[in-house]
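Engineer: Protein chains in written order, with the working numbering: chain A, 1 to 487; chain B, 1 to 340.
For each residue, glycine too, the CB sits at the ideal point set by N, CA and C.
Quick one: structure below, then a few questions.
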């Protein structure tokens, strides 16, 4: 069957595949592997899987060979090289059977078929024991801390759980361990779910673990299993590391070293490309540590768009990230706080657009609000302190006062926003210029609610519902968190 | 990237009294802020909210066409700490002449330092400097957590003592237990033959630094002095009220010490308070302080730094015996801090 599949499509036998089928790991996954030598009627046969892929909402390319199911609605496939083409070790990708956004289709699961099958076999073998362990830890934690309303110290074993739309996709337990001044993770269980992006459970869990390691102090070393009975880096996490190009467990198979943790932290922290470039520059200049930066983003002290704006437009990044200048340096403080006001209003605007209830206006019979959330992208124009926002619909843009009847309802319109806490005549002119330059875009001067009267008529406005004082209170809260957080 | 520029705005005469009143209130808040304990931002926030109103009025004046001058220069020292200029200008360097003229005509001018002027800003730092290297891995030899924590702190302290001027030459007290911190410091305060006194930096996890801590500075004795005046203190009030029957008082007020502020500031505040209180003790009457401790690292660092400094100034006038809270076991006596 396999040879027929390859011959029919003029494909090479993927390197290492025969050995994989013969391996004890594949035999331990007997009921999952799509065996080439089984009858097409059997659900673990290659024929059955090929039929599933043919019936998929979007069938995969012809050279995709199904290997084993990822979940009930997606399949791990090998991309086989055509005959005559140099054959690298083929990577393993995930193909969804349902109609999903193409951005999430064909995502890499692993870089090597042998390592993939081995890691899945190891993961499934350890899963039941891990779940039992989790249950025990959770019960104890509940009785010792939840019932008594006691906040645990970092050295207490704490269970954590990740869920997406009521589906649990990851569970773990962690505590700071003085033995090596790092984080110990005795249990790590994750899974792929049909409605969740590939490796998202691993990304989320890794982010959570790294944030905890950072918050608890220590070296950022992360060790797995119990003391005296350690485990290697969890196979699912290693697989995720390979898929994103971050090697884990290379210095010591049972741990993520501080150096590996730094690379992983940067990789799992979601950042748009522009922000990533700006962060790399600031890290290169020694203005901040990668761990501090990632933690600032992950703990939502500043959101990505807010931090992007601050990095792009202010020379006072270092002082802002340390909590700001003292009040007696009013001049410095005003420059910092004005940047922060603009960033905070932008963050609010982005959340408003992202959380606009598009489901309510859709024709679908079931209103699932979470699924209806669009995600806008942005680009900060660092030369003028303006932000171009893409992906917002006409009616999804809030707070705008200008007449925008030129756009049809539901139409995606570009938005150019100039956020200013204290708008000056120069900013008014900037907005006029941008409006002339981008006639098809919605251009707006984004100001606090109590600064509207200072803007002359004819300037397109976006009025943030917060007043200057409310923005400043929010900014003070964030800066206070930065002042006492780990550097 | 945008650059900063100051806008100097003339305030309309009709609004001058209000602006001057706001300036007076802002200045008063700032002066009160300087009297508060370190890290207490109550008055600083009040100052900023009053000044935000001044800024808003200035922006409105600018929008109404009041005379405005933009300049990359700025006034560095304004009396009162606000950005309101009136009367005599102390710092005339690089300030546009118009402003000097306005002030000479008794007008009130507000400086707004705006960060959004188009232009190329010089970003700080040094290209290629890179981030601090990741921490080195470390493993304790012991099996219990207390031993491991002690070993870790001793290890970091020995690294710091071996290279006091390097990047690792700092004491890192964050998350170190009360017992381990006090005992390790006590051990290393002891002068060593041939080794010079080392004043190490103290760095907390939030990046803040306390004053330097003198180590290898004193000839110490473990003996508890006899027949000295004994004073019993809880290191901090409120923490263990059941101790009130045992102690003569609390050394530090919890409400002043346990505030959300950079740990280095708390350390400095405790140090200043402790040194002042120790100096209040009559040096001619040797005093034994029994200190019942609870674990707040900056408080421990600040108090014992003050003890060391006091012992350097007045050897044999003071002894401190720490008592560590051990849960059900009550308080356990630690090593005495006194000079030979």
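Residue 246/B by DSSP, collapsed to three states: which one?
Structural biologist: DSSP places residue 246/B in coil when its eight states are reduced to three.
Engineer: Measure how close the beta-carbons of residue 12/A and residue 81/A come, nearest whole angstrom, since I'm counting them as under 8 Å.
Structural biologist: Rounded, the Cβ-Cβ distance is 5 Å, consistent with contact.
Engineer: Starting from the beta carbon of residue 290/A, find every residue of chain B whose beta carbon is closer than 8 Å, and list them in chain order.
Structural biologist: Result: 131.
Engineer: On the criterion of 16 or more Cβ atoms from any shown chain inside 10 Å, does residue 155/B qualify as buried, or is it exposed?
Structural biologist: Exposed: under 16 other Cβ atoms inside 10 Å.
Engineer: From the DSSP output, in three-state form, read off residue 336/B for me.
Structural biologist: Of the three classes helix, strand and coil, the one that applies to residue 336/B here is coil, per DSSP.
Engineer: Can you find a C-beta in chain B that's less than 8 Å from the C-beta of residue 334/A?
Structural biologist: Closer than 8 Å to some Cβ of chain B, the Cβ of residue 334/A qualifies, so yes.
Engineer: What are the start and end residues of each continuous beta strand (DSSP E) run of 3 or more residues lying completely inside the region 120-199 of chain A, in chain order?
Structural biologist: Here the runs fully enclosed are 158-164, 167-177 and 182-190.
Engineer: Spatial neighbours of residue 140/B within its chain, please: C-beta separation below 6 Å, excluding the five flanking residues on both sides.
Structural biologist: Cβ within range, chain order: 148 and 151.
Engineer: Counting only Cβ-Cβ distances shorter than 8 Å, please list the residues of the region 171-183 of chain B near chain A, keeping chain order.
Structural biologist: Answer set for the region 171-183 of chain B: 174 and 175.
Engineer: Whose CA, out of 383/A, 439/A, 397/A and 460/A, lies closest to the CA of residue 4/B?
Structural biologist: Nearest of 383/A, 439/A, 397/A and 460/A to residue 4/B, Cα basis: 383/A.
Engineer: Check whether the Cβ of residue 95/B lies closer than 8 Å to any Cβ atom in chain A.
Structural biologist: Output row for residue 95/B: interface = no.
Engineer: Please tell me whether residue 314/A has its Cβ less than 8 Å away from any Cβ of chain B.
Structural biologist: Output row for residue 314/A: interface = yes.
Engineer: Within 10 angstroms of the Cβ of residue 429/A, are there 16 or more other Cβ atoms? Answer buried if so, exposed if not.
Structural biologist: When all chains shown are included, residue 429/A counts as exposed.
Engineer: Could you work out which residues of chain A lie near residue 47/B, taking near to mean beta carbons separated by less than 7 Å?
Structural biologist: Going along chain A in sequence order, the residues near residue 47/B (Cβ under 7 Å) are 327.
Engineer: I want to see whether chain A comes within less than 8 Å of residue 123/B, judged by CB atoms only; does it?
Structural biologist: Output row for residue 123/B: interface = yes.
Engineer: Along chain A, which residues have their Cβ under 8 Å away from the Cβ of residue 310/B?
Structural biologist: Within 8 Å Cβ-Cβ: nothing; residue 310/B doesn't reach chain A, min ~29 Å.
Engineer: Looking at chain A, which residues of the region 40-64 of chain B have a Cβ within less than 7 Å of any of its Cβ atoms?
Structural biologist: Cβ contacts with chain A: 44, 45, 47, 48, 49, 51, 52, 55, 56, 59, 60, 62 and 63.
Engineer: Going by DSSP, what residue range makes up the beta strand (DSSP E) through residue 94/A?
Structural biologist: Run containing residue 94/A: 92-96, per the beta strand (DSSP E) assignment.
Engineer: According to a CB-to-CB cut-off of less than 7 Å, which residues of the region 203-225 of chain B neighbour chain A?
Structural biologist: Taking 7 Å as the Cβ-Cβ cut-off against chain A, the residues of the region 203-225 of chain B that qualify are 205, 206 and 207.
Engineer: Spatial neighbours of residue 98/B within its chain, please: CB distance less than 7 Å, with the 5 preceding and 5 following residues excluded, ordered by chain position.
Structural biologist: For residue 98/B, where only same-chain residues beyond five positions count, the Cβ hits under 7 Å are 69.
Engineer: Would you say residue 269/B and residue 425/A are within 8 Å of each other, going by their C-beta atoms?
Structural biologist: The answer is no: Cβ separation not under 8 Å.
Engineer: Which residues share a DSSP beta bridge with residue 445/A?
Structural biologist: DSSP output for residue 445/A lists 418/A and 461/A as bridge partner(s).
Engineer: Apart from the five residues just before and just after residue 257/A, which ones in its own chain have a Cβ nearer than 7 Å to its Cβ?
Structural biologist: Taken in chain order, the residues that qualify are 221 and 251.
Engineer: Does residue 268/A have its Cβ less than 8 Å from a Cβ in chain B?
Structural biologist: Taking Cβ atoms only, chain B never reaches closer than 8 Å to residue 268/A, which makes this a no.
Engineer: Using a Cβ-Cβ cut-off of less than 8 Å, list which residues of the region 6-21 of chain B approach chain A; keep chain order.
Structural biologist: Going along the region 6-21 of chain B in chain order, one finds 6 and 7 with a Cβ nearer than 8 Å to chain A.
Engineer: Determine, using beta carbons only, whether residue 139/B comes closer than 8 Å to chain A.
Structural biologist: Residue 139/B counts as touching chain A.
Engineer: What does the Cβ neighbour count give for residue 330/B, buried or exposed, with the cut at 16 atoms within 10 Å?
Structural biologist: Exposed, since its Cβ has fewer than 16 Cβ neighbours within 10 Å.
Engineer: Going along the chain, which residues of its own chain have a beta-carbon closer than 8 Å to the beta-carbon of residue 97/A, five neighbours each way excluded?
Structural biologist: Excluding sequence neighbours, residue 97/A sits near 52, 53, 55, 56, 57, 73, 74 and 75.
Engineer: When you compare the CB positions of residue 263/B and residue 286/B, do they come within less than 8 Å of one another, or not?
Structural biologist: The answer is no: Cβ separation not under 8 Å.
Engineer: Along the chain, where does the alpha helix (DSSP H) that runs through residue 317/A open and close?
Structural biologist: Segment 317-321, the alpha helix (DSSP H) holding residue 317/A.
Engineer: Are the beta-carbon atoms belonging to residue 67/A and residue 2/A less than 8 Å from one another?
Structural biologist: It is not a contact, given that the beta carbons lie outside the stated cut-off.
Engineer: Counting only C-beta atoms, is residue 81/B closer than 8 Å to chain A at any point?
Structural biologist: Answer yes: the Cβ-Cβ gap between residue 81/B and chain A drops below 8 Å somewhere.
Engineer: For residue 274/A, report the span of its beta strand (DSSP E) as first-last.
Structural biologist: No beta strand (DSSP E) holds residue 274/A; the alpha helix (DSSP H) holding it covers 273-284.
Engineer: What residues in its chain sit with their C-beta under 8 Å from that of residue 259/A, if we drop five residues either side in the sequence?
Structural biologist: Only 251 meet the Cβ criterion.
Engineer: For residue 382/A, does the three-state DSSP call read helix, strand or coil?
Structural biologist: Three-state result, residue 382/A: coil.
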